[in-house]
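Structure record follows, encoded as structure tokens.
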Amino acid sequence: MFIDKEAFKNDFKKKIINMYAEDIEECSPSHKYFALASLIRDYTSENWLNTNKKYTNNKEKQIYYFSMEFLIGRLLHSNLLNLGIRDACKEALSDLKIDLDELEEIENDAGLGNGGLGRLAACFLDSMASLGIAGHGNGIRYTYGLFEQQIENGYQVEVPDNWLKEGNMWEVRKENKAVKVNFGGKVMPTMENGKLKFLQQDCETILAVPYDTPIIGYDNSTVNTLRLWSAEPLNKDFDFESFSRGEYSKATEYKTLIESISQVLYPDDSRQEGKILRLKQQYFFVSAGLQSILRRYKKLGEPINNFHKYIAIHINDTHPSLAVAELMRLLIDEENLAWDEAWYITTNTIAYTNHTILSEALEKWPIDIFKTLLPRIYMIVEEINRRFTDEVRERYKDENKVNNMAIIGNGQIRMAHLAIVGSHSVNGVAKLHTELLKYQELKDFNEFYPNKFNNKTNGITHRRWLLQANPKLSNLINETIGDSWIKEPNNLILLKPFAEDYYFRKKFEKIKLENKIAFSNYAKSTYGMDIDPNSIFDVQVKRLHAYKRQILNLFNIMDLYRRLKENPNLDIVPRTFFFGAKAAPSYYLAKKTIKLINTVAYKINNDTEIHGKIKVFFLPNYSVSLAEKIIPCAQVSEQISTATKEASGTGNMKFMMNGALTLATLDGANIEIKDAVGDENIVIFGIRKEEVLDYIKNKNYNSYEFYNNDFRLKYILDSLINGSLGVPSNEFIDIHNSLLKNNDEFFVLRDFSSYVEAQNKVDYLYRNRDNWNRMCINNVAHSGIFSSDNTIKRYYEDIWK
Ligand code: 26V
Numbered sequence: 001m002f003i004d005k006e007a008f009k010n011d012f013k014k015k016i017i018n019m020y021a022e023d024i025e026e027c028s029p030s031h032k033y034f035a036l037a038s039l040i041r042d043y044t045s046e047n048w049l050n051t052n053k054k055y056t057n058n059k060e061k062q063i064y065y066f067s068m069e070f071l072i073g074r075l076l077h078s079n080l081l082n083l084g085i086r087d088a089c090k091e092a093l094s095d096l097k098i099d100l101d102e103l104e105e106i107e108n109d110a111g112l113g114n115g116g117l118g119r120l121a122a123c124f125l126d127s128m129a130s131l132g133i134a135g136h137g138n139g140i141r142y143t144y145g146l147f148e149q150q151i152e153n154g155y156q157v158e159v160p161d162n163w164l165k166e167g168n169m170w171e172v173r174k175e176n177k178a179v180k181v182n183f184g185g186k187v188m189p190t191m192e193n194g195k196l197k198f199l200q201q202d203c204e205t206i207l208a209v210p211y212d213t214p215i216i217g218y219d220n221s222t223v224n225t226l227r228l229w230s231a232e233p234l235n236k237d238f239d240f241e242s243f244s245r246g247e248y249s250k251a252t253e254y255k256t257l258i259e260s261i262s263q264v265l266y267p268d269d270s271r272q273e274g275k276i277l278r279l280k281q282q283y284f285f286v287s288a289g290l291q292s293i294l295r296r297y298k299k300l301g302e303p304i305n306n307f308h309k310y311i312a313i314h315i316n317d318t319h320p321s322l323a324v325a326e327l328m329r330l331l332i333d334e335e336n337l338a339w340d341e342a343w344y345i346t347t348n349t350i351a352y353t354n355h356t357i358l359s360e361a362l363e364k365w366p367i368d369i370f371k372t373l374l375p376r377i378y379m380i381v382e383e384i385n386r387r388f389t390d391e392v393r394e395r396y397k398d399e400n401k402v403n404n405m406a407i408i409g410n411g412q413i414r415m416a417h418l419a420i421v422g423s424h425s426v427n428g429v430a431k432l433h434t435e436l437l438k439y440q441e442l443k444d445f446n447e448f449y450p451n452k453f454n455n456k457t458n459g460i461t462h463r464r465w466l467l468q469a470n471p472k473l474s475n476l477i478n479e480t481i482g483d484s485w486i487k488e489p490n491n492l493i494l495l496k497p498f499a500e501d502y503y504f505r506k507k508f509e510k511i512k513l514e515n516k517i518a519f520s521n522y523a524k525s526t527y528g529m530d531i532d533p534n535s536i537f538d539v540q541v542k543r544l545h546a547y548k549r550q551i552l553n554l555f556n557i558m559d560l561y562r563r564l565k566e567n568p569n570l571d572i573v574p575r576t577f578f579f580g581a582k583a584a585p586s587y588y589l590a591k592k593t594i595k596l597i598n599t600v601a602y603k604i605n606n607d608t609e610i611h612g613k614i615k616v617f618f619l620p621n622y623s624v625s626l627a628e629k630i631i632p633c634a635q636v637s638e639q640i641s642t643a644t645k646e647a648s649g650t651g652n653m654k655f656m657m658n659g660a661l662t663l664a665t666l667d668g669a670n671i672e673i674k675d676a677v678g679d680e681n682i683v684i685f686g687i688r689k690e691e692v693l694d695y696i697k698n699k700n701y702n703s704y705e706f707y708n709n710d711f712r713l714k715y716i717l718d719s720l721i722n723g724s725l726g727v728p729s730n731e732f733i734d735i736h737n738s739l740l741k742n743n744d745e746f747f748v749l750r751d752f753s754s755y756v757e758a759q760n761k762v763d764y765l766y767r768n769r770d771n772w773n774r775m776c777i778n779n780v781a782h783s784g785i786f787s788s789d790n791t792i793k794r795y796y797e798d799i800w801k
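In the UniProt record's numbering, the protein residues as written are 1 to 801.
Set out below in structure tokens:
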């Protein structure tokens, strides 16, 4: 898109007057931000309309990505970049004495996700739009996103994330497209014109109102849609009947109850819990999404039997897997299809991605809850299960197998089984993860459906994670190899020869330092942290989970500190360790780990004896916008999960793309990163999947062996409970127990010495700074293959067709 600078300035001034009846001079920065966002949305409206028209006129196949989470972060910067008008805007605003960077910082993050799964959905939206693919998001418009994390006395404190408080300029409320969603009641089988029909009676009907956000493609005029649903009472204001009977509080209670459905995002917990509200959320957005898709489809004038030829629905993990039963219900009850016809359409429409093999994270719903809330859906699930188990029984004549594979079993509905049976494709998110699904966790299903399972290694949008987050490096890349990589990320490989160019390496090093200085200044003014920009920036940012092993990182730091105390002249390259991680509010050990990190950080950072050689900082409230700040200045990327546990990881890709060296176990996509960059450009440590699986199978791991045989581990573990950390000696007893009495589920002690060695290797490698830079540049050069553009192309060709 082209904008004329003078015309833009006029538009902007007018916008401020129209929205706020203020002159630009008296207008607050926040009003300026909202006016600018609103203006940019105006600029996209025509393309948005035209994109939709084009899709309808050409009857293009539409892809709908169903996800409970879309962790999109901020939109102003990325929208300006994708429209190709950011430089022009920046200049024009600067004429008006306005700093665009400052306005961009005002925007609240749309934090509608927990972590990797939600951010992946956001990266996919960007890639689909940028590739000109008709792909849209379908989800929930949570009034509150993932909680804001504050740190008080080293502990995590959760504060509600009221992200919509000041308004959201990107969304459009589409009241005329609202649909009704039914809960509860009973099902009445009735004969209608000689046909058996299932009427739902005495349901509670809720209104689902869509809010649409434009998803702007990069330099291609495509504008797709992210449709997020908000729950409202049917009766606009509140329950009039109660109200007119004088039951005022009951009337408003009712409204609150209904609105609670889209009120808040569930923080993924230490265990999956069968919360009714979460099941309501799932049915709510799945049903609303499917109804609106069906309504649009019918306008095309195509017969219902062709539905799957024009529509693909992708379900992000099992959270939207009710889509299988709900689409069946709509096709049978509303469109009058027979079971077999409906089943053919459903299974050919839906595809499912699995994002974890951790069994405690797999969703299961107690039958009683499910049946009461969704009686008709339950009937359909029962019938799907009946037909499926008949087939399994017929084929294997093995009741054990039938029970293991059944969708309903042990009083529960197993959502993963429903998703597998009801879809035509099941994919894992990295090679290793898919192998584990096919040959371990879902082995029976892979045998039963030999062509269903496939791999789609995750990716990240290089436009946000490099072009936007790291403008200095992007400019250097543009000067060196041109800017074709923005549309063709694989072209980043053209940088490879420049890894051998001394002057290029120097320029690269300078940019990394400038990024580090900028972040240090930010951290000083925001958190009061004193950071040495000349130290190595070593970063672990991700959700806090035992399997991600933040504790392993911390144990190396504690060991390093011990060595420094013993020998203050110890020759190490100064290092700053950064952590950023939210713990689920009910995940006790994760929260204790945050306290432990902060306790160790306090002790180390205030110890003048070690001459500031190491420092530890916990960055509060890790989020998309914080990630955009810390990743471009990172030098060591900590990807240290227990092998087999991290399905893919996507942070690992963001770091390599910004020229950090990966320090990793052979887990998830780390393996593919290693294959891409070569052994000489990555540091690998730790036990491999075979050893992990052996330990689990043979139950022969004994963490005490490592504790007893390694004085460093003994020292560290003892210090957790002997009061030497300056907190009561029982503060960390449960962490201690998890590692010793409870036998260290994630093999932290097993991997400790290998990790320390790897960290020493990092120190050693950094001393040859010139070669270090060479390694980093190689990482950037090979990162293009991890662009989500590539991932989306593979989904498009293999799954959505
Ligand atoms: C949820 C839970 C909840 C209960 C117990 C522990 C636990 C562990 C993990 C999860 C997350 C499940 C789904 C998820 O977010 N998976 C992440 O998806 C990313 C995108 O595919 C992938 O890169 C991450 O490796 C994967 O953990």
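Even for Gly, the Cβ is constructed at its ideal location relative to N, Cα and C.
Residue pairing by DSSP places Asn427 opposite Thr353, Asn454 in a beta bridge. Counting only unbroken stretches of 4 or more residues, the alpha helix (DSSP H) elements lying wholly within the segment 358 to 446 are 367 to 373, 375 to 396, 399 to 405, 415 to 421, 431 to 436, in sequence order.
Relative to ligand 1, the beta carbon of Asn458 is positioned inside 7 Å of a heavy atom.
Cα atoms of Phe711 and Asp532: separation of roughly 31 Å, rounded to the nearest angstrom. Counting C-beta pairs with one atom in each stretch, the segment 185 to 193 and the segment 210 to 224 have fewer than three that are closer than 8 Å, which means they do not touch. Taking the Cα of Glu690 as reference, the smallest distance to any Cα among Trp229, Leu432, Gly411 is reached at Leu432.
Taken in chain order, the whole alpha helix (DSSP H) runs of length 4 or more contained in the segment 278 to 360 are 307 to 310, 322 to 329, 339 to 349. In the DSSP annotation of this structure, Ile215 is not part of any alpha helix (DSSP H); the continuous beta strand (DSSP E) holding it starts and ends at 204 to 216. For the pair Asn470 and Tyr588, the Cα-to-Cα distance works out to about 36 Å.
DSSP places Gly118 in the helix class (H, G or I) of the three-state scheme.
According to DSSP, Asn138 shares a beta bridge with Phe66, Arg227.
For Thr662, the uninterrupted beta strand (DSSP E) segment begins and ends at 661 to 664.
According to the DSSP secondary-structure assignment, Leu199 is paired through a beta bridge with Met188. As the crow flies, the alpha-carbon of Glu107 is around 13 Å from that of Asn79.
Taking 7 Å as the cut-off, the C-beta of Val429 counts as close to a heavy atom of ligand 1. As DSSP reads the structure, Ser788 sits in no beta bridge. Sixteen is the threshold: when 16 or more other Cβ atoms of the shown chains lie within 10 Å of the Cβ of Ile735, as they do, the residue is buried. If you ignore the 5 residues before and after Ser130, its C-beta comes within less than 6 Å of the C-beta of Gly217, Tyr218, all in its own chain and listed in chain order. Taking a contact as a CB-CB distance under 8 Å, the pair Ser67 and Pro267 does not count as one, their CB atoms being some 16 Å apart. Taking C-beta separations shorter than 8 Å and ignoring five residues to either side along the sequence, the partners of Asn778 in its chain run Lys496, Ala499, Val677, Gly678, Asn681, following chain order. Looking from the CA of Leu373, the closest CA among Pro574, Gly185, Tyr766, Ser787 belongs to Gly185. Remark: the shortest separation between the CB of Ala647 and any heavy atom of ligand 1 falls under 7 Å. Contact annotation, Met169 with Arg41: C-beta distance approximately 6 Å; criterion of less than 8 Å satisfied.
Assigned with DSSP and collapsed to three states, Pro233 falls in strand. If you check the CB distance, Lys9 and Asp101 do not come in under 8 Å. Taking 3 residues as the minimum length, the beta strand (DSSP E) runs contained wholly in the segment 494 to 545 are 536 to 541, in order along the chain. Nearest to Asn182 by alpha-carbon distance, out of Arg329, Ala660, Ile367, is Arg329. The segment 415 to 431 and the segment 332 to 350 touch, with three or more beta-carbon pairs separated by less than 8 Å.
DSSP places Gln150 inside the beta strand (DSSP E), whose first and last residues are 145 to 152. Secondary structure of Gly651 (DSSP, three-state): helix. Going by beta carbons, Ile377 and Glu326 fall inside the 8 Å limit.
Burial is judged here by how many other beta carbons sit within 10 angstroms of a residue's own beta carbon; Thr526 has fewer than 16 and is exposed. Apart from sequence neighbours up to five positions away, the residues of its chain that approach Ser287 with a beta-carbon distance below 7 Å are Val181, Glu326, ordered along the chain. Ranked by Cα distance from Leu619, the options Tyr704, Asp530, Val573 are led by Asp530. The continuous beta strand (DSSP E) containing Ala110 extends over residues 110 to 112. DSSP, reduced to helix, strand and coil, places Phe617 within a strand of the structure shown.
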